[in-house]
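Novice:
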Amino acid sequence: MPRDTAPNSVLFVCLGNICRSPTAEVVFRKFAKNAGLTLRIDSAGTGAWHQGEPPDPRAQATGERRSYSFAGQTARKIEKLDFGTFDLILAMDSTNLRDLKMSCPQAYRQKLKLFLSYGHADKTAGLTEVPDPYHGELNGFDHALDLLEIASAGLIASLT
Ligand code: 4NP
170 MPRDTAPNSV
180 LFVCLGNICR
190 SPTAEVVFRK
200 FAKNAGLTLR
210 IDSAGTGAWH
220 QGEPPDPRAQ
230 ATGERRSYSF
240 AGQTARKIEK
250 LDFGTFDLIL
260 AMDSTNLRDL
270 KMSCPQAYRQ
280 KLKLFLSYGH
290 ADKTAGLTEV
300 PDPYHGELNG
310 FDHALDLLEI
320 ASAGLIASLT
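Just add 169 to wherever you are in the sequence shown, counting from 1, and you've got the numbering used here.
1) Compute the beta-carbon to beta-carbon distance between D251 and L180, rounded to the nearest angstrom, for a pair I have assumed lies under 8 Å.
2) Examine ligand 1 and report whether any of its heavy atoms sits within less than 6 Å of the Cβ of D315.
3) What would DSSP say about D301, mapped onto helix, strand or coil?
4) Using three-state DSSP, classify R172 as helix, strand or coil.
5) Can you check which of these residues, L285, L269, S286, is closest to R278 by C-alpha distance?
6) Compute the Euclidean distance between the alpha carbons of A201 and A228, then round it to the nearest angstrom.
7) In whole angstroms, what separates the C-alpha of L328 from that of S178?
8) Where in the segment 188 to 261 do unbroken runs of the alpha helix (DSSP H), each at least 4 residues long, occur, reported from the N-terminal end onward?
9) Would T231 be called buried (16 or more neighbouring beta carbons within 10 Å of its own) or exposed?
10) Find the nearest neighbour of I258 within the set Y303, D211, P226, judged by alpha-carbon distance.
11) I think K292 touches I319, with their Cβ atoms under 8 Å apart; what is that distance to the nearest whole Å?
12) Could you tell me which residues DSSP pairs with K282 in its beta bridges?
Structure, rendered in structure tokens:
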């Protein structure tokens with residue numbers, strides 16, 4: 170598991186910014202609060218199709234069943250400025266990571282990682298990516314949430 174020198178800000182990134190990354194944002198926000206960490210936490214998509222929309226109702230319903238709040242979240246596309254602003258930029262899958270690498274200035278490339286690189290392989294059943302639940306079954310949202318909680322715990326452990 171990677172160790173980091175006290176980042177102050179974390180940006181979670183998926184494709185649409187309506188399912189995985191807004192969920193990662195609310196999960197990690199809660200984990201950070203519980204750990205007493207003050208961090209800037211945000212999320213964005215590599216695509217702009219859902220810009221301005223709230224998180225997918227299925228993602229919200231799944232998260233709310235575990236007491237996460239999505240209040241006030243709206244989707245946005247990642248911007249060039251984000252690469253300089255955020256200390257850690259965590260992608261949900263390898264396609265997101267590839268797309269980020271294509272638009273990220275070389276000087277900031279070391280900020281880009283897969284979020285599940287903070288998960289223990291034995292807890293994630295060897296998965297290194299958070300599967301996209303958007304086109305799949307409803308239980309895909311619970312599975313994504315399980316993985317996001319595991320990776321959040323790992324990221325907190327790397328920071329404390
Ligand atoms: P996300 O899920 O990347 O986890 O927000 C998706 C949301 C929308 C689409 C694909 C994935 N879409 O094709 O519109």
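No residue lacks a Cβ here, since even glycine has one placed at the ideal position from N, Cα and C.
Specialist: Once the coordinates are examined:
1) In the sequence shown, residue 251 corresponds to position 82, counting from 1. In the sequence shown, residue 180 corresponds to position 11, counting from 1. Rounded, the Cβ-Cβ distance is 6 Å, consistent with contact.
2) Looking up residue 315 in the sequence shown gives position 146. False, no ligand heavy atom lies under 6 Å from that Cβ.
3) Here the question's residue 301 lines up with position 132 in the sequence shown. Coil, per DSSP.
4) For the purposes of this step, residue 172 is taken as residue 3 along the sequence shown, with counting starting at 1. Any reading at R172 needs caution, since the residue's pLDDT is 48, under 50, leaving its predicted position unreliable; the model's value is listed next. In this structure, R172 counts as coil in the three-state DSSP scheme.
5) For the purposes of this step, residue 278 is taken as the residue at position 109 of the sequence shown. Looking at the Cα atoms, L269 is the closest of the given residues.
6) On the sequence shown, position 32 is the one that residue 201 refers to. On the sequence shown, position 59 is the one that residue 228 refers to. Straight-line Cα distance between these residues: approximately 20 Å.
7) Here the question's residue 328 lines up with position 159 in the sequence shown. Here the question's residue 178 lines up with position 9 in the sequence shown. The straight-line gap from Cα to Cα measures roughly 12 Å.
8) 189 to 203, 226 to 233, 249 to 254
9) Here residue 231 refers to the residue found at position 62 when the sequence shown is read from its first residue. T231 should be labelled buried.
10) Residue numbering aside, residue 258 sits at position 89 when the sequence shown is read from its first letter. Here the closest residue by C-alpha is D211.
11) As a first step, residue 292 is located in the sequence shown; it is residue number 123 there, counting from the start. As a first step, residue 319 is located in the sequence shown; it is residue number 150 there, counting from the start. So it is a contact: roughly 5 Å between Cβ atoms.
12) Mapped onto the sequence shown, residue 282 falls at position 113. L259.
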